[in-house]
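See structure below.
Written as structure tokens, this is what we have:
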């Protein structure tokens, strides 16, 4: 929530502590907790810290694969979250994918990802994310 509300100064130490504790105790499986943390990890520029820590994990999980994909290939992260059945995480990844695709000039693909994200956000009444998606949609 801190990164979503712009409180990155407060979020930074918490994300660092989370990743440090996971590194100290890597037997903890990468499970849904990582999907909750991944957006903040990447928003704070800690993707490399996550990747290094993930190498210590005793077992790869789809949660881990999706979190790692979120940094460089959010469309792949969305696909993995869809397989898991985590609709909110899938929608978030699709919104990030739409941003990246639009920035790369791949508007049709961006619109496809954005449409799927907005379908979810509208269905659950997530107006903040609907507005964010609509701004991206209007930036055609």
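In this note's numbering, the protein residues as written are 4 to 143. For glycine and all other residues, C-beta sits at the position ideal for the given N, C-alpha and C. Note that the structure is a prediction, hence the values are computed from the model and not measured.
Which residue from the options puts its Cα closest to that of residue i?
i	options	result
residue 39	63, 73, 118	73
residue 17	92, 35, 89, 44	44
residue 62	42, 33, 87, 56	33
residue 114	141, 31, 52, 131	141
residue 75	35, 51, 66, 57	51
How would you call residue i, buried or exposed, if buried means at least 16 neighbouring beta carbons within 10 angstroms?
i	result
residue 99	buried
residue 8	exposed
residue 13	exposed
residue 122	exposed
residue 31	exposed
residue 107	exposed
Measure the Cβ-Cβ separation of residue i and residue j and say whether it is below 8 Å.
i	j	result
residue 133	residue 125	yes
residue 71	residue 97	no
residue 81	residue 93	yes
residue 5	residue 49	no
residue 78	residue 116	yes
residue 37	residue 15	no
residue 143	residue 110	yes
residue 59	residue 24	no
residue 95	residue 42	yes
Sorted by chain position, which residues of the same chain lie with C-beta nearer than 7 Å to residue i's C-beta, five sequence neighbours on each side aside?
i	result
residue 68	83
residue 145	Given a span of 4 to 143 for the chain in the structure shown, any question on residue 145 remains unanswerable.
Any heavy atom of the ligand MN within a distance shorter than 7 Å of the CB on residue i?
i	result
residue 96	Although the ligand MN was asked about, the structure shown includes no ligands whatsoever.
Please go through the same chain and pick out, in chain order, the residues whose beta-carbon is closer than 6 Å to the beta-carbon of residue i, but skip the five residues on each side of it.
i	result
residue 53	44
Can you find the residues in the same chain that come closer than 8 Å, C-beta to C-beta, to residue i, ignoring five residues on each side of it along the sequence?
i	result
residue 136	98, 101, 117, 120, 121, 124
residue 28	none
residue 65	83, 86, 87
Worksheet item: Can you list, in chain order, the stretches of the alpha helix (DSSP H) that have 4 or more residues and sit fully within the stretch 6-67?
Response: 11-27, 35-46, 50-57
Worksheet item: Can you list, in chain order, the stretches of the alpha helix (DSSP H) that have 4 or more residues and sit fully within the stretch 73-126?
Response: 77-87, 90-106
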